[in-house]
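In what follows, a structure is listed as structure tokens, so that the remarks can point back to it.
Numbering (the working numbering), first residue to last: -12 to 301.
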């Protein structure tokens, strides 16, 4: 399903995973996030230049599912607090856990709805809560699976503006997304584009208003220039045959073109640097002694409290 994919995601940035239907976007993200156990997986997953263990991946990352599932009887603040106390390490003071809840509410613009019951929330509010629940665990890396799925253009922009704020706070964001609007696409820093067959058609920084991406594709023989006012994301997908229009996929080998491009040379050079595929003295290895962050008493307290809240409110 996936062949020879290299890449990295840096703190403070949003990396988009895009491509044809069935190209393996979600599969790739699931493999990186340690959620794929079936089949044969070969290759290396690194954190700060060290080989990532399953425990390190689970404790240092958050994963936002496409489906928003929450306890409907809780308030938004209670859901965030539940996640914060059960998923942050027991050594962290309670005051800092409450601070992280307030940070989530502020970053995702949920001040006005923080104390409302989840039941009856809009799709866009539920999506913000899903991101907030993962953010409350204070992960270094957050994976988002189609965060704008089922949303109109305005709601999608609100969600991705919130994600941009989260990235600007120093987190690493990796996100699968399907044909975003131009406004949303401009919020991303980097793109990994997969062609059908699970191979890389492009990887690199998008540049301001996607200038790098546009220049790259316009320099490929046989690719039509981006029409004025057209969405670069839609145009790019059509170029590789992943859009609704007729692309250049049959006449051009985008995978081979990328392998011989300066972008791939830059990727290989960057991958060899300290802190990416080799350890750096400035970046610590992520080591966790316990599988679960919270102790048994904390777990029991919050789970029992949630149960009684559900009982009395439903």
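For glycine and all other residues, C-beta sits at the position ideal for the given N, C-alpha and C.
Computed from a predicted structure; not experimentally measured.
Check	Outcome
Say whether the region 208 to 224 touches the region 269 to 286, bearing in mind that this needs 3 or more beta-carbon pairs closer than 8 Å, one atom from each stretch.	no
Who are the Cβ neighbours of residue 9 in its own chain at under 7 Å, not counting the five residues just before and after it?	183
Residues in its own chain within less than 6 Å of residue 159 by CB, not counting five upstream and five downstream?	-4, -2, 128
For residue 72 and residue 3, what's the separation of their Cα atoms in angstroms?	30 Å
So, under 8 Å CB-CB, residue 174 and residue 198 are touching, yes? Tell me the CB distance rounded to an integer number of Å.	Going by Cβ atoms, the distance from residue 174 to residue 198 rounds to 15 Å, so no, they are not a contact pair.
So, for residue 233: in the same chain, excluding its five sequence neighbours on each side, which residues have a beta-carbon less than 6 Å away from its beta-carbon?	The pLDDT assigned to residue 233 is 48, lower than 50, so where the model puts this residue is not dependable; a value taken from the coordinates is nonetheless given after this. Hits under 6 Å: none found.
What residues in its chain sit with their C-beta under 7 Å from that of residue 236, if we drop five residues either side in the sequence?	The predicted position of residue 236 is uncertain, since its pLDDT is 46 and thus under 50; no value can be drawn from it.
Does the region 19 to 31 touch the region 75 to 87, meaning 3 or more C-beta pairs lie closer than 8 Å?	no
Residues in the same chain with beta-carbon distance under 6 Å from residue -6, minus the five sequence neighbours each way, listed in chain order, please.	179, 190
Can you list, in chain order, the residues of its chain with a C-beta nearer than 8 Å to that of residue 274? Leave out the 5 residues immediately preceding and following it.	43
Could you have a look at residue 3 and say whether DSSP puts it in helix, strand or coil?	strand
Residue 182 by DSSP, collapsed to three states: which one?	strand
Using 10 angstroms around the beta-carbon of residue 6, count the other beta-carbons present and answer buried if the total reaches 16, otherwise exposed.	buried
Taking residue 244 as the reference, which of 300, 18, 208, 67 has the closest Cα?	208
Can you tell me where the alpha helix (DSSP H) with residue 242 in it begins and where it stops?	241 to 246
Roughly how many angstroms separate the alpha carbons of residue 61 and residue 167, rounded to a whole number?	32 Å
Can we say the region 102 to 120 touches the region 48 to 60, given the rule of at least three CB pairs closer than 8 Å?	yes
What residue does the alpha helix (DSSP H) around residue 307 start on, and which one ends it?	Given that the chain is displayed from residue -12 to residue 301, the structure contains no residue 307 and the question cannot be resolved.
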